[in-house]
Amino acid sequence: MPTPKAEPSTDLVRIDAATEALLDQAIEHLRSLAHTALVDYAVATGRYLIETFYDGNLGAYYDHRRDKASSFNALCEHRADELAAIGLSRSTLQRYIHAYDTFRVLPPEAREAMSLRSVELLRRVPDQVTRTEIALAAVRQGWSPAELRAEVEAKAAELRPSKSKRGRPRLAPGEKALRGLVRQAKVVAEAKGEIAALPVERVEALRAELLEALAVLEGVWAQPVVDAEG
Numbered sequence: 004m005p006t007p008k009a010e011p012s013t014d015l016v017r018i019d020a021a022t023e024a025l026l027d028q029a030i031e032h033l034r035s036l037a038h039t040a041l042v043d044y045a046v047a048t049g050r051y052l053i054e055t056f057y058d059g060n061l062g063a064y065y066d067h068r069r070d071k072a073s074s075f076n077a078l079c080e081h082r083a084d085e086l087a088a089i090g091l092s093r094s095t096l097q098r099y100i101h102a103y104d105t106f107r108v109l110p111p112e113a114r115e116a117m118s119l120r121s122v123e124l125l126r127r128v129p130d131q132v133t134r135t136e137i138a139l140a141a142v143r144q145g146w147s148p149a150e151l152r153a154e155v156e157a158k159a160a161e162l163r164p165s166k167s168k169r170g171r172p173r174l175a176p177g178e179k180a181l182r183g184l185v186r187q188a189k190v191v192a193e194a195k196g197e198i199a200a201l202p203v204e205r206v207e208a209l210r211a212e213l214l215e216a217l218a219v220l221e222g223v224w225a226q227p228v229v230d231a232e233g
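Residue numbers (this note's numbering): 4 to 233.
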């Protein structure tokens with residue numbers, strides 16, 4: 004009678020401290036390889052797209068005044084199914100172009116340790132000098148992804164242009180007065196029904212006052228323009 008095969012054990016294998024350290028090192032290295040492979044792929048893809056469809060000119064890609072029916076758009080629209088089959092879409096390709104734009108100007112020391120996620124985080128910082136400083140600090144000080152994110156968000160907020168508290172620019176006094184007159188004329192026009200309900204003699208009196216005011220205003224138009232230095 005054949006001897007039954009022993010079932011594989013599902014118990015966790017006990018490991019010593021040296022093995023544990025080796026596994027930690029392996030995981031870290033594999034994680035690094037995965038990140039490096041992805042960022043290299045993304046950057047290479049972005050570079051290829053800019054060189055092929057925009058003659059190597061990133062400015063042409065960002066120029067929104069260009070004809071939208073470009074070869075790049077044709078690729079995204081007419082070959083969308085083929086792109087999807089290899090895990091790509093318009094948004095992914097645009098993401099990789101942005102990654103290339105950010106990655107290409109980083110110093111070699113920073114490039115070697117950057118994951119795609121790190122590159123995309125750095126892009127949130129509008130100033131290139133600050134981006135480089137953050138990337139180098141992250142590498143040299145061994146920042147975690149959370150630490151990098153916190154630093155990027157702080158710098159991005161610091162460098163973001165502040166919104167004007169005044170809103171619209173203040174109008175010159177003369178223009179402000181004329182605009183007020185225009186608004187009042189519109190108010191009167193909208194109150195046509197209410198004005199018709201007034202006594203005829205009252206309407207005629209107010210009309211005479213209005214015509215007199217308009218005559219004064221015509222005098223304003225007739226005044227010659229005086230040069231500010233004269």
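Beta carbons: idealized from backbone N, C-alpha and C, even for Gly.
These figures come from a predicted structure and were not determined experimentally.
- V229 classed as buried or exposed, judged by whether at least 16 other C-beta atoms fall within 10 angstroms: Residue confidence for V229 is low, a pLDDT of 45 falling below 50, so the modelled location carries little weight; the figure read from the coordinates is stated next. Exposed, by the Cβ-count rule.
- Task: May I ask you to report which of helix, strand or coil DSSP gives G59?
- Result: coil
- Query: Under the three-state reduction of DSSP, which class applies to I18: helix, strand or coil?
  - Reply: coil
- Message: Tell me the DSSP secondary structure of S147 in three-state form.
- Response: coil
- Message: Within a Cβ cutoff of 7 Å, which residues of the same chain sit near E112, ignoring the five residues on either side of it in sequence?
- Response: L139, V142
- Item | Sequence-distant residues of the same chain with beta carbon closer than 8 Å to N60, five excluded per side | I53
- Top-ranked residue by Cα proximity to V108, from S94, D130, Q97, L96: D130
- Going by beta carbon distance, what residues of the same chain come within less than 7 Å of T133, once the five residues before and after it are set aside? K158, L162
- Item | Inter-residue Cα distance where the pair is P148 and E31 | 14 Å
- Task: Answer yes or no: do F75 and Y99 have a C-beta to C-beta separation smaller than 9 Å?
- Result: no
- Message: Distance check for A211 and A194, CA to CA, integer angstroms please.
- Response: 18 Å
- Taking buried to mean at least 16 other C-beta atoms within 10 Å of its own C-beta, is A216 buried or exposed? exposed
- Message: Short of 6 Å in beta carbon distance, which residues of its chain neighbour T48, apart from the five on each side in sequence? Order them along the chain.
- Response: Y99
- Backbone CA spacing between R126 and T95 [nearest angstrom]: 16 Å
- Task: Ignore the nearest five residues each way along the sequence and tell me which others in T135's own chain have a CB closer than 6 Å to its CB.
- Result: none
- Item | Pairwise C-alpha distance: A24 and A72 | Any reading at A72 needs caution, since the residue's pLDDT is 48, under 50, leaving its predicted position unreliable; the model's value is listed next. Their Cα atoms are separated by approximately 55 Å.
- Item | Local conformation of L1 per DSSP, three classes | Residue 1 lies beyond the residue range present for the chain, which begins at 4 and ends at 233; the question has no answer from this structure.
- Query: From A175 to R152, what distance separates their C-alpha atoms?
  - Reply: 46 Å
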